[in-house]
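A quick write-up on the structure given underneath.
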Amino acid sequence: MSTEAPQQEENWRPIGEAVGAGDLPVDVIDSLCMECHEQGVTRMLLTVIPYFKEVIVVSFRCEHCGYKNNDIQAAGEIQSLGSIYTVKITDRKDLDRQLVKSEHCIISIPEYSLQIPAGRGQFTTVEGVISDTIRDLSHDQPLRKIQHPDVHDKIQELVDKLSLLVDDGKGEGSSSGEERKMPVFTIKLDDPSGNSFIETEGGLTDPKWAKREYARDKGQNEALGLAHTNDVETSHYPEEVLSFPGVCSLCGSELETLMKTVNIPHFKDIILMSSNCHDCGYRDNEVKSGGATSEKGRRITLKVEDSEDLSRDILKSDTAGMTIPEIDLELNPGTLGGRFTTLEGLLNQVYEELDEKVFANGDAAVPGATDEMAKFLAQLKLVMNARMPFTVILDDPLSNSYIQNIYAPDVDPCLSEEIYDRTHEQNEELGLNDMKTENYGHVHVDEGETAAVATEETTSA
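Structure below.
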């Protein structure tokens, strides 16, 4: 690359307008073309993507051989949490959504079992990602057809399916001239660095768009060149993880279930259980109470006033119901099972479950419910981003649920608890009415029955 000072080219911004760059200057640097070894030009633009952050867009072009290359780099540091963006693509307009893919990001389309591994950073669109994938898969197809016919046929089948997503049927050679209906699919961006993004439609309330953040594991931190601080912190507190064999409920294969006891401060011990099937990929996480059955029920109410409340730890047992009155959300006991996460994580899980029902296809679709549910999801998005005050009520008849008191051991002004007696119906549903925990090995016979038996034996004699 040349050492000349970068020039300022005011009017060149091929994608700057698309991301709101305005009249920001572009740095122009003479660079060596790696294809023909002549001098080309590299242009760099620092710009801001709405609802995201600053990025550096780098574009190289060689006028001698025509070689082009585009790249994108994060202008900030690696984020403290990884991120997963999920967007439901329901029409061809969604194909124009712009996305930022960092070099650490993995893109997947679950409906086609397609996963694009991490590689160079890109600033493109959903359609651009699919078109690039079709091009890359088709590159060696003539050779595969001769050497590996079976592999060729499987790849060609995937290419044909992906082509239906970007081909509207109105191109050359089309007899009908009508736009072909596009299959609905999901695109996911999983970036442990947190520096990827996909465009929203109408802001953060977009019902098709969702974001979830997660803590990186040791392997992800090492891949990013970061120290895994938990190694030092947890080395002083060794905790036993139990393992026992099980059977996958989805495919019937043998799997390993891990179990660990965790103490929640100012609450009680809980048991975390995790199963992972290596054959079909099925995963299941479950939370169980580690203590005795409570004599009374507990109703916990949290008034959420800002985004900091979304980071509170929350334990929702499988016997707890949850309601948010402001948006008419009500989850019956058993929904989502037992979960130990943050309030933000729990709301994201609710959103993902409902999202699949809203945009379901075929026999799974609910006639006439899509518009109504889409409006509800938009309200749920407001709640998920704390853009409106709301109330979370956890009602657990077994008192095995918990919301973190961030002022503990002092009183939390936003958190209240109500202890109540369970009704007979609640005890019946929980199987407590017929439960006997003392003297269950002895049969009780009252004095009247004993006397009657004795008289009968005397008479017989």
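The sequence shown maps to residues 1 to 461 in full-length UniProt numbering. Note that CB positions come from ideal geometry on N, CA and C, so glycine has one too. All values derive from a computational prediction rather than experimental measurement.
Whole-angstrom distance between residue j and residue i, CA atom to CA atom
i: residue 119; j: residue 259; result: 36 Å
i: residue 306; j: residue 408; result: 19 Å
i: residue 282; j: residue 298; result: 33 Å
i: residue 207; j: residue 213; result: 18 Å
i: residue 33; j: residue 68; result: 9 Å
i: residue 189; j: residue 295; result: 46 Å
i: residue 192; j: residue 216; result: 6 Å
i: residue 386; j: residue 301; result: 16 Å
i: residue 257; j: residue 92; result: 43 Å
i: residue 71; j: residue 261; result: 46 Å
i: residue 105; j: residue 117; result: 7 Å
i: residue 235; j: residue 122; result: For residue 235, the predicted model reports a pLDDT of 37, less than 50, meaning its position is unreliable; a value from the coordinates is still stated below. Their backbone Cα atoms lie some 39 Å apart in a straight line.
i: residue 150; j: residue 135; result: 19 Å
i: residue 384; j: residue 371; result: 20 Å
i: residue 78; j: residue 424; result: 54 Å
i: residue 379; j: residue 394; result: 20 Å
i: residue 58; j: residue 328; result: 47 Å
i: residue 221; j: residue 196; result: 16 Å
i: residue 181; j: residue 420; result: 55 Å
i: residue 199; j: residue 160; result: 26 Å
i: residue 162; j: residue 431; result: 52 Å
i: residue 29; j: residue 94; result: 35 Å
i: residue 111; j: residue 89; result: 11 Å
Beta strand (DSSP E) segment containing residue i, residue limits
i: residue 153; result: Premise fails: residue 153 lies in the alpha helix (DSSP H), 149 to 166, not in any beta strand (DSSP E).
i: residue 299; result: 297 to 304
i: residue 82; result: 82 to 89
i: residue 427; result: Where residue 427 is concerned, there is no enclosing beta strand (DSSP E), although the alpha helix (DSSP H) it sits in stretches over 424 to 429.
i: residue 245; result: 241 to 247
i: residue 98; result: 98 to 101
i: residue 115; result: 114 to 116
i: residue 26; result: 26 to 32
i: residue 406; result: Unbroken run through residue 406: none, as it is neither H nor E.
i: residue 262; result: 254 to 263
Check whether residue i and residue j have beta carbons under 8 Å apart
i: residue 254; j: residue 273; result: no
i: residue 108; j: residue 115; result: yes
i: residue 143; j: residue 155; result: no
i: residue 314; j: residue 341; result: yes
i: residue 251; j: residue 279; result: yes
Buried or exposed (CB count within 10 angstroms, at least 16 for buried), residue i
i: residue 434; result: exposed
i: residue 391; result: exposed
i: residue 81; result: exposed
i: residue 361; result: Caution is warranted here: a pLDDT of 48 is assigned to residue 361, below 50, making its placement in the model unreliable, and no coordinate value can be reported.
i: residue 270; result: buried
i: residue 85; result: buried
i: residue 36; result: exposed
i: residue 83; result: buried
i: residue 43; result: buried
i: residue 388; result: exposed
i: residue 187; result: buried
i: residue 344; result: buried
Delimiting residues of the alpha helix (DSSP H) encompassing residue i
i: residue 135; result: 126 to 138
i: residue 221; result: 218 to 223
Neighbour flag for residue i against chain C, beta carbons, 8 Å
i: residue 316; result: Absent from the structure: chain C. Only one protein chain is present.
Examine the Cβ distances between the segment 346 to 355 and the segment 396 to 416 and report whether three or more of them are shorter than 8 Å. no
Okay, do the segment 316 to 336 and the segment 393 to 404 touch, 3+ Cβ pairs below 8 Å being the bar? yes
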